[in-house]
DNA sequence: AAGTGGTCTAGACCACCGG
DNA sequence: CGGTGGTCTAGACCACTTA
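Residue numbers (the working numbering), protein chains in the order written: chain L, 30 to 281; chain X, 30 to 281.
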């Protein structure tokens with residue numbers, strides 16, 4: 030149990046704060062995930078393999094994985110293995126979209142890109158993305174239609190340094206959901222997001238894009254999405270028509 | 030391990046679905062909580078005591094408690110014990126209120142009751158509360174002011190059969206947050222809630238109550254709150270002014 | 001049948017809290 | 001100091017998947 034190993038640094042009597050073994054294992058797993066040792070959709074090694082690799086018991090690895098699974102970074106499948114989360118499976122696409130039709134039915138969705146620009150980061154966006162004001166961001170504007178009726182007007186900002194080679198043409202040609210595309214094409218996994226929600230009146234532009242009258246109430250959803258290490262990777266402002274859809278949420 | 034006990038029914042080879050021991054323990058704990066064996070704010074017995082009581086190992090009790098703690102029904106405090114959740118502590122009052130000021134400051138709050146009636150349940154409310162249409166509900170209307178500015182107009186429905194003895198006078202005299210009052214006075218613990226959120230235009234009445242102009246965009250939040258056993262105990266419609274506040278949410 | 005995650009146990013020890 | 005929750009282990013066995 031005391032081989033020369035990067036873990037188990039006997040954290041009794043040290044300057045640093047106490048951290049249980051399984052938290053250290055969790056940190057190591059997170060590092061491997063961040064570095065792409067295992068890609069979204071792939072299986073990570075079995076619990077026993079990881080236990081051997083880290084020289085700890087299965088139970089300790091298990092507790093580390095438990096937490097990562099609770100945070101939706103990993104998915105356990107009994108009898109099969111433990112897998113890296115992805116936005117790329119039918120079941121979890123639009124995982125972050127909380128807008129639902131009032132009746133239960135599954136609407137058809139269509140995305141139309143209406144603009145894509147490279148610009149110097151506006152001050153507010155730069156702050157939210159932890160960029161310098163001189164950095165470049167990619168700004169994408171699009172309309173999402175549900176059952177062929179325009180419903181969401183999105184305004185999206187991405188750090189250009191991370192999304193290298195994202196051209197307007199590429200954006201227009203892409204057919205995948207954005208987060209699935211980000212994963213596969215740019216290696217960026219969106220793990221978590223914070224949203225702040227308001228009711229606003231439709232401006233002339235948004236009214237025209239969404240085919241409603243100026244002044245109509247719209248749900249404004251501002252999102253900041255994060256990847257590993259709480260690094261912000263996207264800012265998104267959505268304007269939602271909520272006459273036949275609603276934003277659902279659960280409180281605990 | 031096979032004393033005559035209400036648990037551990039050797040669920041191999043039976044008609045019923047497999048359920049692990051810790052789930053059975055969890056169900057027993059839930060039953061005790063629902064029946065009020067331990068009241069909100071109180072400590073439940075120690076893990077070792079519960080292990081003895083149910084004739085299982087500490088680890089099994091632990092896993093049951095872990096899940097209840099993850100659902101916010103219990104709160105663990107190292108060195109002190111495990112406690113039944115309550116809406117009555119300074120730290121967690123307004124636990125279900127997601128409206129936050131745009132700047133970080135903590136606003137002062139005031140609640141003014143503007144109406145309280147006993148009525149036959151409207152069809153929609155009856156459905157949401159799983160009542161018969163002939164059942165009586167209590168309808169409370171109030172305005173919440175933040176920093177002395179009216180910000181939330183609430184319309185609340187409660188099953189009269191459960192909230193026995195809730196008179197208009199009692200409602201007016203109560204100074205506690207509602208959910209804390211429900212706990213102490215009526216023994217109803219609100220554990221979980223679903224919300225659906227829309228943007229709407231202020232009607233004449235809501236505009237007057239909230240001192241905004243007719244047609245102003247308001248955030249409409251419809252909530253159904255549940256107690257033990259997923260029994261719905263409250264329906265609430267809130268209209269929020271979101272010019273200086275926002276509804277915050279986290280996605281995982 | 002082999003391999004994976006999931007359960008359960010018994011016991012040792014640690015960190016935190018209060019008297 | 002004793003009592004509480006929290007960690008960690010080693011090992012046995014169960015349930016689920018795939019081949």
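Idealized CB from N, CA, C, for every residue including glycine.
Predicted model only: the values in this text are computed from it and were never measured.
- Contact between the stretch 113 to 121 of chain X and the stretch 205 to 212 of chain X is present: three or more C-beta pairs spanning the two stretches fall below 8 angstroms.
- With 16 or more other Cβ atoms inside 10 Å of its own Cβ, residue 247 (chain L) counts as buried.
- Taking 7 angstroms as the cut-off between beta carbons, none of the residues of the stretch 75 to 95 of chain X comes near chain L.
- In this structure, residue 73 (chain X) keeps its C-beta atom at 8 angstroms or more from the C-beta atom of residue 102 (chain X).
- Distance from residue 263 (chain L) to residue 219 (chain L) at the Cβ level is roughly 7 angstroms; contact confirmed, criterion being Cβ atoms closer than 8 angstroms.
- Of the candidates L:271, L:151, L:152, L:76, L:76 places its Cα closest to the Cα of residue 106 (chain L).
- The beta carbon of residue 137 (chain L) sits no closer than 8 angstroms to any beta carbon of chain X.
- Taking the CA atoms as reference points, residue 231 (chain X) sits about 5 angstroms from residue 244 (chain X).
- Taking 8 angstroms as the cut-off, the beta carbon of residue 254 (chain X) is found no closer than this to the beta carbon of residue 228 (chain X).
- Considering only beta carbons, no part of the stretch 177 to 211 of chain L lies closer than 9 angstroms to chain X.
- Close CB contacts of residue 189 (chain L) within its chain, under the 8 angstroms cut and outside five residues either way in sequence, are with 147, 164, 165, 166, 167, 195 (chain order).
- Residue 59 (chain L) is outside the set of residues whose beta carbon lies under 8 angstroms from a beta carbon in chain X.
- For the stretch 96 to 112 of chain X, residues whose beta-carbon sits nearer than 8 angstroms to a beta-carbon of chain L comprise 99, 100, 101.
- Short of 8 angstroms from the beta carbon of residue 71 (chain L), and not among the five residues preceding or following it, lie these beta carbons of its own chain, in chain order: 112, 113.
- The secondary-structure analysis by DSSP pairs residue 74 (chain L) with nothing; it has no beta-bridge partner.
- The beta carbons of residue 183 (chain X) and residue 275 (chain X) sit no closer together than 8 angstroms.
- Under the DSSP assignment, residue 59 (chain L) falls in the alpha helix (DSSP H) whose first and last residues are 50 to 63.
- Beta-carbon to beta-carbon, residue 47 (chain X) and residue 92 (chain X) are separated by about 16 angstroms, too far to satisfy the 8 angstroms threshold.
- Between residue 278 (chain L) and residue 66 (chain X) a beta carbon distance of about 32 angstroms is seen, past the 8 angstroms cut, so the two are scored as non-contacting.
- When Cβ-Cβ separations below 8 angstroms define contact, residue 226 (chain L) makes contact with chain X.
- In terms of beta-carbon proximity, residue 267 (chain L) stays away from the interface with chain X, with every pair separated by 8 angstroms or more.
- Of all residues in the stretch 143 to 174 of chain X, none has a C-beta nearer than 9 angstroms to a C-beta of chain L.
- For residue 245 (chain X), there is no enclosing alpha helix (DSSP H), as DSSP gives it neither H nor E.
- At least one C-beta of chain L is nearer than 8 angstroms to the C-beta of residue 248 (chain X).
- Taking the beta carbon of residue 222 (chain X) as reference, the chain L residues within 8 angstroms of it are 279, 280, listed in sequence order.
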